[in-house]
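No gaps in the numbering here: position 91 of the sequence shown is 108 in my numbering, and each next residue is one more.
Glycine is no exception: its CB is placed at the ideal position from the N, C-alpha and C atoms.
Since the model is a prediction, treat every value here as computed from it, not as a measurement.
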Amino acid sequence: MDAKRPLTDWLPITRKEVLLRDWEDLDVIIISGDAYVDHPAFGNAVIGRILEDEGLRVAIVPQPNWHDDLRDFKKMGAPRMFFGVTSGCMDSMVNHYTAARRKRSTDAYTPGGDSGFRPDYAVKVYTRILKKLYPDVPVLIGGIEASLRRVTHYDYWADKLFPNILEMSGADMLVYGMGELPLREIVRLLKKGVPFASLKTIPQTAFQIPKDAKLPVNKNWTDVTLHSHERCLRDKMSYAANFKIVEQESNKVQARRIFQGVG
Numbered sequence: 018m019d020a021k022r023p024l025t026d027w028l029p030i031t032r033k034e035v036l037l038r039d040w041e042d043l044d045v046i047i048i049s050g051d052a053y054v055d056h057p058a059f060g061n062a063v064i065g066r067i068l069e070d071e072g073l074r075v076a077i078v079p080q081p082n083w084h085d086d087l088r089d090f091k092k093m094g095a096p097r098m099f100f101g102v103t104s105g106c107m108d109s110m111v112n113h114y115t116a117a118r119r120k121r122s123t124d125a126y127t128p129g130g131d132s133g134f135r136p137d138y139a140v141k142v143y144t145r146i147l148k149k150l151y152p153d154v155p156v157l158i159g160g161i162e163a164s165l166r167r168v169t170h171y172d173y174w175a176d177k178l179f180p181n182i183l184e185m186s187g188a189d190m191l192v193y194g195m196g197e198l199p200l201r202e203i204v205r206l207l208k209k210g211v212p213f214a215s216l217k218t219i220p221q222t223a224f225q226i227p228k229d230a231k232l233p234v235n236k237n238w239t240d241v242t243l244h245s246h247e248r249c250l251r252d253k254m255s256y257a258a259n260f261k262i263v264e265q266e267s268n269k270v271q272a273r274r275i276f277q278g279v280g
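Here it is as structure tokens:
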């Protein structure tokens, strides 16, 4: 690494680094369970650079402390567009525990390989904190932990079915899979003045709506409805049928839009 490169070549992770860029505020703040390493192996860096390429002012808060007075969640203030939340490159529970449910002693995505710098169920924990501190700011979740928990899912560590992670965390939207293209579309629409709450027809996104709400229409999509979360709790075969549908739709070129009731 060239020691002469200015600090502003990297995405800011402290308030001081934000001010070095002469920024008064930020468009997006990414909360990540991983450290920030400006390398394609670290999803927070990839997403941050994509947002930067869209002309946004972006900062990353890597591995914030969730035990103290939550100063790490407050130090950047509220972003103009949204908070982005990810547990990191691994599901936080896989990161923390072996298949025998033993606690791991190292973390490959933390400086020095130290463990203990992210919570269990990190996406849920981070999002709930943000919603408590900034209830009016949208929270967009993504990454493998959010993607694999976007519908009713079996949690190995708790040995039971959990509802979708939007229900558990209170997040406003989920981007699943490789999120570069849907993220660019989200930013494009927000720049045009479309309210975050109106972003309902973007592929690879998930969100919750009231049961009596009018469903958003996209003439190019067909729909499929899964068994509700409550039915899955009562009937294992219903959960298995849901799993099959999700797997089939995940491998289609033109997938159907999936609905699932909860609550």
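Collapsed DSSP secondary structure at residue i in the structure displayed
i      : result
Asp229 : coil
His170 : strand
Thr25  : helix
Leu207 : helix
Pro81  : coil
Ala117 : coil
Ser122 : coil
Gly101 : strand
Arg135 : coil
Asp240 : strand
Lys269 : coil
Met190 : strand
Lys141 : helix
Gln260 : Going by the sequence as given, residue 260 is Phe instead of Gln. Of the three classes helix, strand and coil, the one that applies to Phe260 here is helix, per DSSP.
Ala214 : helix
Ile182 : helix
Ala163 : helix
CB contact flag (residue i, residue j, <9 angstroms)
i      : j      : result
Leu178 : Cys249 : yes
Glu71  : Val204 : yes
Ala223 : Leu191 : yes
Ser104 : Gly187 : no
Val168 : Leu243 : yes
Arg135 : Asn112 : yes
Pro199 : Ile219 : yes
Val102 : Gly194 : no
Phe213 : Pro155 : yes
Trp174 : Tyr114 : yes
Gly210 : His246 : no
Residue nearest to residue i in terms of C-alpha spacing, selected from the options
i      : options                        : result
Ile46  : Tyr151, Ala258, Ala223         : Tyr151
Phe90  : Glu266, Pro81, Pro233          : Pro81
Ile146 : Trp83, Gly65, Val54, Ser164    : Trp83
Glu184 : Leu87, Leu216, Leu200, Pro227  : Pro227
Asp153 : Asp39, Phe100, Val140          : Phe100
Lys141 : Lys120, Asn259, Asp176, Pro180 : Pro180
Asp189 : Ile161, Asp172, Ser215, Leu24  : Ser215
Asn61  : Leu37, Ser245, Phe260, Ile161  : Ile161
Neighbourhood of residue i by C-beta distance below 8 angstroms, restricted to the same chain and skipping five residues each side
i     : result
Leu43 : Val35, Arg74, Val75, Ala76, Met93, Gly94, Pro96, Arg97
Ile30 : Tyr53, Ala76, Ile77, Val78, Pro79
Ile67 : Glu197, Leu200, Arg201
Ala58 : Cys106
Own chain, CB closer than 6 angstroms to residue i, minus 5 neighbours either side, in chain order
i      : result
Tyr256 : Cys249
Lys217 : Pro233
Cβ-based neighbour list, residue i, same chain, cut-off 7 angstroms, excluding 5 preceding and 5 following
i      : result
Trp27  : Asp55
Ser164 : Tyr193, Gly194
Asp240 : Arg273, Arg274, Phe276
Ser290 : Since the first and last residues shown for the chain are 18 and 280, residue 290 lies out of range.
- [ ] Report the residue ranges of all beta strand (DSSP E) runs contained in full by the segment 26–81; include only those spanning at least 3 residues, in chain order.
- [x] Secondary structure within the segment 26–81: the beta strand (DSSP E) runs of 3 or more consecutive residues, fully enclosed, are 45–49, 75–79 (chain order).
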